[in-house]
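Some notes on the structure that comes next.
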Amino acid sequence: MGNLTALVTGASGGLGYAIAELLGAKKFDLVVVSRSVKKLETMKIDFQKRWGITVTVIAADLASPKGAQSVFDACQKKKITIDILVNNAGSGLFGENMDQKIDDVTSMIRLNINALTELCMLFGKAMKERGSGRILNIASLVGTFAVPFFSVYAATKAFVISYSRSLRSELRPAGVSVSVFLPGYIKTGFDDNAGVASEGYKKISGAAGMSAQKVARSAVKTVLAGRALAVAGLTNRIGYFVMKIIPKQILSHLVFVMMRNVTKR
1 MGNLTALVTG
11 ASGGLGYAIA
21 ELLGAKKFDL
31 VVVSRSVKKL
41 ETMKIDFQKR
51 WGITVTVIAA
61 DLASPKGAQS
71 VFDACQKKKI
81 TIDILVNNAG
91 SGLFGENMDQ
101 KIDDVTSMIR
111 LNINALTELC
121 MLFGKAMKER
131 GSGRILNIAS
141 LVGTFAVPFF
151 SVYAATKAFV
161 ISYSRSLRSE
171 LRPAGVSVSV
181 FLPGYIKTGF
191 DDNAGVASEG
201 YKKISGAAGM
211 SAQKVARSAV
221 KTVLAGRALA
231 VAGLTNRIGY
241 FVMKIIPKQI
251 LSHLVFVMMR
261 NVTKR
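1 is the number of the first residue of the sequence shown in my numbering; add one for each residue after it.
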């Protein structure tokens, strides 16, 4: 019997790379997906040499309308059965929503919501038919409350949390596990990619941030254990439960004041 296979989106760097690396170390064959083909090819050579696993590279822009379907079709063509699907690819936009470009916001929604949903449907259906499989959707702690200046990004992550929990109930009777994972700040290039210019915000995210490797260990444990929902890090877990106690209107105002102040620094 061969190795099980895990597919990881957004695998060329940051959390996606760290998750793929841990799964490779556990002898999972890998399908790595990203737009950055050169980085994926380097990963392939490195991981295959280190662990003797099979690594398949799929170049795809998941923010495009046909991106998710192209990934599924590539796996079908290569006759690769996906045992674990890790929906990690995502992007963020920082700033006042009225100042953002509609095309940029739409692209983020396509990546964070549409692509994730389509991949869950495509691979989830195959998992349901054979009666086994695991799905890990990467959301965010900010998906649990309103976040001014990260308004649409936070809303996309709220979708991921709600969708994942519903999908878990639907697929569980068929033997398919769906988990949703909530990181807080991660020490990657996310802030720069999201257009964060505020040095005050960057100082907070840098001080509070966890390493991608540490977050990945928690994420991999979550999917392999089949947990419904997990939050990365003790501090984040405490914050998660505290924020559930605070009335939403008060919490929204507190977050607005904090974000407004740090964005001015």
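Using N, Cα and C, we set each Cβ at its ideal position, and we do this for glycine too.
Exercise for review: Tell me whether Gly52 is buried or exposed, calling it buried when 16 or more other Cβ atoms sit within 10 Å of its Cβ.
Suggested key: For the purposes of this step, residue 52 is identified with residue 52 of the sequence shown, where counting begins at 1. By the neighbour-count rule (16 or more Cβ atoms within 10 Å), Gly52 is not buried but exposed.
Practice item. Please determine if the region 226–242 and the region 136–151 are in contact, where contact requires at least 3 C-beta pairs separated by less than 8 Å. Key: yes
Exercise for review: Taking Val176 as the reference, give the member of Lys244, Asn114 and Leu136 with the closest Cα.
Suggested key: Within the sequence shown, the letter at position 176 stands for residue 176. Nearest C-alpha to Val176: Leu136.
Check your understanding: Do you know how far the Cα of Arg227 is from the Cα of Val255?
Key -> Here residue 255 refers to the residue found at position 255 when the sequence shown is read from its first residue. Here residue 227 refers to the residue found at position 227 when the sequence shown is read from its first residue. Answer to the nearest angstrom: the Cα atoms are 29 Å apart.
Review point. Going by other Cβ atoms of all chains shown within 10 Å of its Cβ, with 16 needed for buried, is Ala18 buried or exposed?
Key: Within the sequence shown, the letter at position 18 stands for residue 18. Buried: at least 16 other Cβ atoms inside 10 Å.
Review point. When we look at the beta-carbon of Ser12 and count the other beta-carbons within 10 Å, is it buried (16 or more) or exposed?
Key: Sequence index remark: in the sequence shown, residue 12 carries index 12 (1-based). Per the 10 Å Cβ criterion, buried.
Practice item. In the DSSP assignment, find the unbroken alpha helix (DSSP H) run with Phe241 in it and report its ends. Key: On the sequence shown, position 241 is the one that residue 241 refers to. Taken as a continuous stretch (DSSP letters only), the alpha helix (DSSP H) holding Phe241 covers Leu234 to Ile245.
Review point. What's the gap between the Cα of Leu171 and the Cα of Leu116?
Key: For the purposes of this step, residue 171 is taken as residue 171 along the sequence shown, with counting starting at 1. For the purposes of this step, residue 116 is taken as residue 116 along the sequence shown, with counting starting at 1. So the two alpha carbons sit approximately 16 Å from each other.
Exercise for review: Determine the DSSP secondary structure at Phe181, reduced to helix, strand or coil.
Suggested key: What you label residue 181 is simply residue 181 of the sequence shown in a count that begins at 1. Looking at Phe181 - three-state DSSP - the assignment turns out to be strand.
Point to revise | Delimiting residues of the beta strand (DSSP E) encompassing Gly16 | key: Stepping through the sequence shown from its first residue, residue 16 is reached at position 16. Segment Gly14 to Ala25 is the alpha helix (DSSP H) holding Gly16; no beta strand (DSSP E) there.
Practice item. Please look up how many angstroms separate the CB atoms of Gly16 and Ala68, rounded, as I've assumed it's under 8 Å. Key: For the purposes of this step, residue 16 is taken as the residue at position 16 of the sequence shown. For the purposes of this step, residue 68 is taken as the residue at position 68 of the sequence shown. About 16 Å; that fails the 8 Å criterion.
**Study point:** Cβ-based burial, Thr222 [other Cβ within 10 Å; buried from 16]
**Key:** Numbered from its first residue, the sequence shown carries residue 222 at position 222. Buried: at least 16 other Cβ atoms inside 10 Å.
Exercise for review: For Arg259, I'd like the list of residues in its chain whose CB is within less than 6 Å of its CB, leaving aside the five on either flank, ordered along the chain.
Suggested key: Position 259 of the sequence shown, counted from the first residue, corresponds to residue 259. Here residue 259 is Met; the residue named in the question, Arg, does not match the sequence. Pro148 and Phe149, listed in sequence order.
Review point. Can you tell me the Cα-Cα spacing of Glu118 and Val152, whole angstroms?
Key: Here residue 118 refers to the residue found at position 118 of the sequence shown. Here residue 152 refers to the residue found at position 152 of the sequence shown. Approximately 20 Å, taken between the alpha carbons.
**Study point:** Helix, strand or coil at Asp29 according to DSSP, with G and I counted as helix
**Key:** Indexing the sequence shown from 1 puts residue 29 at position 29. Looking at Asp29 - three-state DSSP - the assignment turns out to be strand.
Point to revise | Local conformation of Lys248 per DSSP, three classes | key: Along the sequence shown, one-based indexing puts residue 248 at 248. Reduced to three states, the DSSP call for Lys248 is helix.
Practice item. Tell me whether Arg35 sits in a helix, a strand or coil according to DSSP, three-state version. Key: Here residue 35 refers to the residue found at position 35 of the sequence shown. In the structure shown, Arg35 sits in coil (DSSP, three-state: anything other than H, G, I, E or B).
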